[in-house]
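Protein chains in written order, with this note's numbering: chain G, 1001 to 1339; chain H, 1001 to 1339. What follows is a set of notes on a single structure, which appears directly below.
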DNA sequence: CGCCTGTGTTCCAACGATGTAAACCGGACA
DNA sequence: TGTCCGGTTTACATCGTTGGAACACAGGCG
């Protein structure tokens, strides 16, 4: 163990509490005392014991972020942003992987190590409204990312998925494509994100006076490359394959690109492809991938600040909804005119 | 806060210590007492307060993993593996991003929140031997990943980079390629990994009776896609461009593929490309990428277990070296015969 | 000159768990 | 009957910190 507050105190010739006051920036400490104490702290390299502090104060300075898997680029980038933002705010981040399993998400909400964590940022995949009805008494504050699971009484940060889906779909229509398909539908009851993107897709088609062709919405098990590739294979096997595909994630889109390439279909000439997320990989794929972006740093910032706000006395404020913007990025996979 | 041990004790009609004994599986507790206490625990949903336990026992059950950036797929996959393995062993994982900066790696070694962490797994980029000479007294045990910084007195998990580089290079030679280039050299003093891979590359060429052609070893700033793309551009601008490229990471290789495609060079017909790491992306790129793999789960397992071993009394054991195997995965980017 | 106010500091009791040493208890043995 | 003994349980101090009450001391006021 390192230096204790007691030792600093005796070196500075004051009591332990005075050292504590200096460390915590308490107001009424004489400048000369403060300086003397600070000097002792620096000389001895004192750093407060967080277990003790947390035992006493109930705060640890640790927040947890629970997400499906860290090896999916979207979540990795999200986690990176959360860690960076949290660090700027003086917090450390503990990462929990839920695998998108309801059970594990429930555990996370109930509080992974409730006494160690000041708050939780959760990116739910499987969790439904039922799981969130009664926040456990001792559970730390919670911020939900992604789609609103329904009115849950928790803070929430999301993009407008319906509008984002419309934007992507409109873009494909603007290229003159007519047989539009979507990859990423999901059966799971709780798959709000997929449902909303599908809703936006269908709405955009309808507004353009078109309808969703049979078989042109492909369901997937998860938003992975292999699911995208398989879905694309199925689309290509249709009697009237699509000439444009909207994918609910970049990974799905990259999988689709892979399948298209394997079968010798040209992108964007034969089939235009657009994704969602703008992960780094999409800027280097062959061809580069058009996509709809949400700003991860903005999401992370809003989430961390929402947590910190609750911790700083905002315990009982009404839950807030934050909606972050999105943006269309056009790259090679949907270049206009290339036909 | 939740239930306290005191309340469980009074409910079971025993002292606090007895509850503690039951919780910690102490031997001499009468079966009937144990059962009564256990029942009280279950009924009240008691869970020990970890801050308090850690204050008293000095253990938190949290290990930290410090790596450059979570949004680089290689490290994301590594972190995912560490978290998974740690969880199986009952530990939670705190993630710290160093950005590969020496200063931040030093901070990590000195102990990010030393009292909160039982041990640290560090994947150093910039850290040299000097930074590791004198383990701070209070600092938690440390396991180094990747190249041995030199004899540092710490446990270490790595692959044999020289052998891996030889394997990759030999593979390119076996295709009949003659003008081999490497992407990934680094100037930084501490860039051991780059140096060793370069060493293996050069040795393999020499054994085949060839030498490294001028300009055929491209330096990079970091192992990112954009660095790979730029390096590939420079190689293609040479009077005698290479017909095969060994990249020190998959990201570099993917960047190189991107540059090759942009300039209309065919892979593998005109230039064969091989990477290192086997990140998921490499299995879906166009063309799919050949690579040399190390087993991330094995690395993570060895690292976590090395830490736990130290914690379980192995404090003063001699530092151990673990070398994990690697394997060549041949994909489209180096298909033999395609010329 | 004593009283009050406000500032700066100290003392003491927590926070919730665990290690230590001592107490308890019934039975075995002398 | 008394002592000893092992297993079982308890009381108490303790980990390092912070909150609150208490205290000391100055200056301003009546």
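Just so you know, even glycine gets a beta-carbon here, dropped at the ideal spot from N, CA and C. Small disclaimer: the values here were computed from a predicted structure and weren't measured.
Count the C-beta pairs between the region 1060-1077 of chain H and the region 1070-1088 of chain G that are closer than 8 Å, then say yes if the count reaches three, no if not.
By the C-beta criterion, the region 1060-1077 of chain H is judged to be in contact with the region 1070-1088 of chain G, since at least 3 inter-stretch pairs fall below 8 Å.
Tell me which residues of the region 1238-1270 of chain H have at least one Cβ-Cβ distance to chain G shorter than 8 Å, keeping chain order.
Of all residues in the region 1238-1270 of chain H, those with a C-beta nearer than 8 Å to a C-beta of chain G are 1254, 1255, 1257, 1258, 1261, reading in chain order.
The region 1244-1253 of chain H / the region 1169-1183 of chain H touching (three or more Cβ pairs under 8 Å):
Yes, they touch.
Given a threshold of 16 other Cβ atoms within 10 Å of its Cβ, counted over all protein chains shown, does residue 1028 (chain G) qualify as buried or as exposed?
Residue 1028 (chain G) is exposed by the Cβ-count criterion.
So, does the region 1288-1298 of chain G touch the region 1318-1332 of chain G, judging by three or more C-beta pairs under 8 Å?
Between the region 1288-1298 of chain G and the region 1318-1332 of chain G there are three or more C-beta pairs closer than 8 Å, enough to call the two in contact.
Within chain G, partners of residue 1356 (chain H) - CB distance below 7 Å:
With chain H represented from 1001 up to 1339, any question about residue 1356 (chain H) goes unanswered, as that position is not in the structure.
Nearest-angstrom Cα separation, counted from residue 1164 (chain H) out to residue 1328 (chain H)
Using only the alpha carbons, I get a separation of about 8 Å.
Going by CA-CA distance only, name the one from H:1238, H:1121, H:1235 that's closest to residue 1093 (chain H).
Residue nearest to residue 1093 (chain H) within the set H:1238, H:1121, H:1235 is H:1121 (criterion: CA-CA distance).
How should residue 1026 (chain H) be labelled, buried or exposed, when 16 other C-beta atoms within 10 angstroms of its C-beta is the threshold for buried?
By the neighbour-count rule (16 or more Cβ atoms within 10 Å), residue 1026 (chain H) is not buried but exposed.
Please give the ranges of any beta strand (DSSP E) in the region 1198-1251 of chain H, keeping only runs that are unbroken, at least 3 residues long and fully inside the region.
Whole beta strand (DSSP E) segments, 3+ residues: 1217-1219, 1244-1247.
Under 9 Å between beta-carbons, which chain H residues line up against residue 1147 (chain G)? List them in chain order, please.
Here the premise fails: no neighbours, minimum Cβ distance about 23 Å.
Considering only DSSP beta bridges, list what residue 1062 (chain H) is partnered with.
For residue 1062 (chain H), the pairing in a beta bridge is given by DSSP as H:1092.
CA-CA distance, residue 1155 (chain H) and residue 1125 (chain G)?
Rounded to whole angstroms, the separation of the alpha carbons of residue 1125 (chain G) and residue 1155 (chain H) is 38 Å.
CB-CB length for residue 1063 (chain G) against residue 1307 (chain G), believed under 8 Å:
For a cut-off of 8 Å, the C-beta gap from residue 1063 (chain G) to residue 1307 (chain G) is around 6 Å, short enough to register as a contact.
Could you pull out every unbroken beta strand (DSSP E) segment of at least 3 residues lying fully inside the region 1269-1316 of chain H, listed in chain order?
Counting whole runs of 3 or more residues, the region 1269-1316 of chain H contains the beta strand (DSSP E) stretches 1272-1276, 1290-1294.
Counterpart residues of residue 1329 (chain G) in DSSP-defined beta bridges
For residue 1329 (chain G), which the question treats as bridged, DSSP gives the partners G:1291.
Taking 7 Å as the limit between beta carbons, can you name the residues of its chain near residue 1010 (chain H), skipping five residues before and five after?
So no residue of the chain qualifies.
What residues are listed by DSSP as bridge partners for residue 1182 (chain H)?
Checking the DSSP bridge columns, you'll see residue 1182 (chain H) partnered with H:1217, H:1246.
With contact counted as at least three CB pairs below 8 Å, one residue from each stretch, are the region 1087-1101 of chain H and the region 1260-1271 of chain H in contact?
They do not touch, by the three-pair rule.
Compare the C-beta of residue 1004 (chain H) against all C-beta atoms of chain G and say whether one is closer than 7 Å.
Cβ-Cβ to chain G under 7 Å: no for residue 1004 (chain H).
Under 7 Å between C-beta atoms of residue 1117 (chain H) and residue 1141 (chain H):
No; because the gap between Cβ atoms is not below 7 Å, this pair is not in contact.
Helix, strand or coil: which one does DSSP assign to residue 1103 (chain G)?
Residue state, collapsed to three classes: helix.
Is the beta carbon of residue 1296 (chain H) sitting closer than 7 Å to the one on residue 1159 (chain H)?
For residue 1296 (chain H) and residue 1159 (chain H), no; Cβs fall outside 7 Å.
For residue 1155 (chain H), the residue or residues it bridges with in DSSP:
DSSP output for residue 1155 (chain H) lists H:1143 as bridge partner(s).
Identified DSSP bridge partners for residue 1321 (chain G)
As a beta-bridge residue in DSSP terms, residue 1321 (chain G) pairs with G:1156.
Does the structure place the region 1215-1225 of chain G close enough to the region 1180-1190 of chain G that three or more beta carbon pairs sit under 8 Å?
Contact between the region 1180-1190 of chain G and the region 1215-1225 of chain G is present: three or more C-beta pairs spanning the two stretches fall below 8 Å.
Roughly how many whole angstroms lie between the Cα atoms of residue 1044 (chain G) and residue 1089 (chain H)?
Rounded to whole angstroms, residue 1044 (chain G) to residue 1089 (chain H) spans 36 Å at the Cα level.
If the criterion is Cβ atoms closer than 7 Å, does the pair residue 1309 (chain H) and residue 1157 (chain H) meet it?
Result no, Cβ atoms of residue 1309 (chain H) and residue 1157 (chain H) do not sit closer than 7 Å.
What is the rounded straight-line gap between the Cα of residue 1257 (chain G) and the Cα of residue 1281 (chain H)?
Rounded to whole angstroms, residue 1257 (chain G) and residue 1281 (chain H) show a C-alpha spacing of 12 Å.
Taking only beta-carbon positions, decide if residue 1007 (chain H) is within less than 7 Å of chain G.
The Cβ of residue 1007 (chain H) sits no closer than 7 Å to any Cβ of chain G.
Using a Cβ-Cβ cut-off of 8 Å (strictly less than) and excluding sequence neighbours within five positions of residue 1265 (chain H), which residues of its own chain qualify?
If you ignore the 5 residues before and after residue 1265 (chain H), its C-beta comes within less than 8 Å of the C-beta of 1236, 1271, all in its own chain and listed in chain order.
Below 9 Å between beta carbons is the criterion; list the residues of the region 1270-1286 of chain H that meet it against any residue of chain G, in chain order.
If the cut-off is 9 Å between Cβ atoms, the region 1270-1286 of chain H has 1279, 1280, 1281, 1283, 1284, 1285, 1286 near chain G.
Quick one: give me the first and last residue of the alpha helix (DSSP H) that residue 1121 (chain G) is part of.
Counting along the chain, residue 1121 (chain G) falls outside any alpha helix (DSSP H), though it belongs to the beta strand (DSSP E) covering 1119-1122.
At the 7 Å Cβ level, is residue 1221 (chain H) part of the contact set with chain G, yes or no?
No, because no Cβ of chain G sits closer than 7 Å to the Cβ of residue 1221 (chain H).
Please list, in chain order, the chain H residues whose beta carbon lies closer than 7 Å to that of residue 1069 (chain G).
Contact of residue 1069 (chain G) with chain H by beta-carbon distance below 7 Å involves 1080.
Helix, strand or coil for residue 1260 (chain G), going by three-state DSSP, please let me know.
Correct three-state label for residue 1260 (chain G): helix.
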